[in-house]
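Chemist: For the sequence shown, the numbering used here gives the first residue as 295, with consecutive numbering after it.
Beta carbons: idealized from backbone N, C-alpha and C, even for Gly.
As the structure is a computational prediction, the values presented were derived from the model and not from experiment.
Starting off with a structure, shown below.
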Amino acid sequence: MKNETLLYDDGSHKCIMFSLEDEEHQDYSLSVNQFLIIQHESAVLIDPGSEGIFSELYDAVSAHINPQKIKYIFFSHQDPDVAGAINHWSVATSAKLVISQLWVRFMGHFGLMDMDRIIGLEDHGARIKFGNDFLQFIPAHFLHSPGNFSLYDSRSKILFSGDIGAAIASPQNLNKRVDDFEEHRPFLEGFHSRYMASNRFCRAWVECVRAYDVSTIAPQHGSLFQGENATRFLEWFEAVQGGEERCHELYGLKK
Ligand code: FE
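Printed below as a string of structure tokens:
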């Protein structure tokens, strides 16, 4: 399937990336990635996206595992392209829904009825056991959302980074994997300098991430950073000048 990329498979642990577009809103949409981690008979779904792709993603997940086996659905933040179908997923599965505690009360506006299904993450994040391994929710606050997390999978060494690392380009203009960081950089710059709150948060996130052995950075939009390109991305990201650094310009004030 062309919208599906196997990121990792060691026989008992698998990570799959789906890149499903909401066709009704294609003119306005970006390339969007959704992720599934499977270990034995248990799964975690990451950033499952908007209502427009719910059925297609449900079918794509079902080809790998019974959706009833999804233990957790993780939402990196509250945006509609991340959490818009939270109610559909709550009805279609028995998974626990994991999101920053800041956004729990807002999920009702996406139609979620059963608030008891949500695990609201505290600001410092959390570690959960997953089979023999662990999943770490790493703080990514204000990058861009005030309650925001990345997810690190200790077995595959993949960091699911949400909007951090997002490339803004139509999917046809992007490779699944970044070949040359310098060529890819223009797709990153505008988005990160406008959406990320400040350089201080960028550096804090990179400091947290460097505590883990990361082989791949997998953002919710755009291309994967692997090996040397993941290192290059972290070096670039810790120097990003965000909203705080551009405050006067954004507000049209004199320095
Ligand atoms: Fe977002």
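1. Hey, is residue 439 close to the ligand FE, as in C-beta under 7 Å from one of its heavy atoms?
2. Please report how far the alpha carbon of residue 417 lies from the alpha carbon of residue 366, in whole angstroms.
3. For residue 506, name the three-state secondary structure that DSSP assigns.
4. Expressed to the nearest angstrom, what Euclidean distance is found between the alpha-carbon atoms of residue 559 and residue 337?
5. Let me know the beta strand (DSSP E) ranges lying completely inside the segment 297 to 344, each 3 residues or longer, listed in chain order.
6. If you check the beta carbons only, do residue 502 and residue 531 fall under 8 Å apart?
7. Would you mind sorting residue 513 into buried or exposed? The rule is 16 or more other CB atoms within 10 Å of its CB.
8. Considering only their Cβ atoms, is the gap separating residue 335 from residue 363 smaller than 8 Å?
9. Give the secondary structure of residue 520 by DSSP, where H, G and I count as helix, E and B as strand, and everything else as coil.
10. Rounded to whole angstroms, what is the Cα-Cα separation between residue 509 and residue 524?
11. Going by DSSP, which residues form a beta bridge with residue 367?
12. According to DSSP, is residue 356 helix, strand or coil?
13. Between the segment 461 to 481 and the segment 433 to 451, can you find at least three pairs of beta-carbon atoms closer than 8 Å?
Modeler: Reading it off the structure:
1. Between the ligand FE and residue 439, a heavy atom-to-CB distance of less than 7 Å is present.
2. Each residue's Cα considered, the two are about 19 Å apart.
3. The three-state reading of DSSP puts residue 506 in coil, since its state is none of H, G, I, E or B.
4. This structure gives no information on residue 559, because the portion of the chain shown stretches from 295 to 549.
5. Taking only runs of at least 3 residues, the beta strand (DSSP E) segments lying wholly in the segment 297 to 344 are 298 to 303, 307 to 312, 328 to 333 and 336 to 340.
6. For residue 502 and residue 531, no; Cβs fall outside 8 Å.
7. With 16 or more Cβ atoms within 10 Å of its Cβ, residue 513 is classed as buried.
8. Yes, they are a contact pair.
9. Under the three-state reduction of DSSP, residue 520 is assigned to strand.
10. If you take the alpha carbons of residue 509 and residue 524, they lie about 7 Å apart.
11. Paired residues: 339 and 391.
12. The answer is helix: DSSP assigns residue 356 an H, G or I state.
13. Result no; under three Cβ-Cβ pairs closer than 8 Å.
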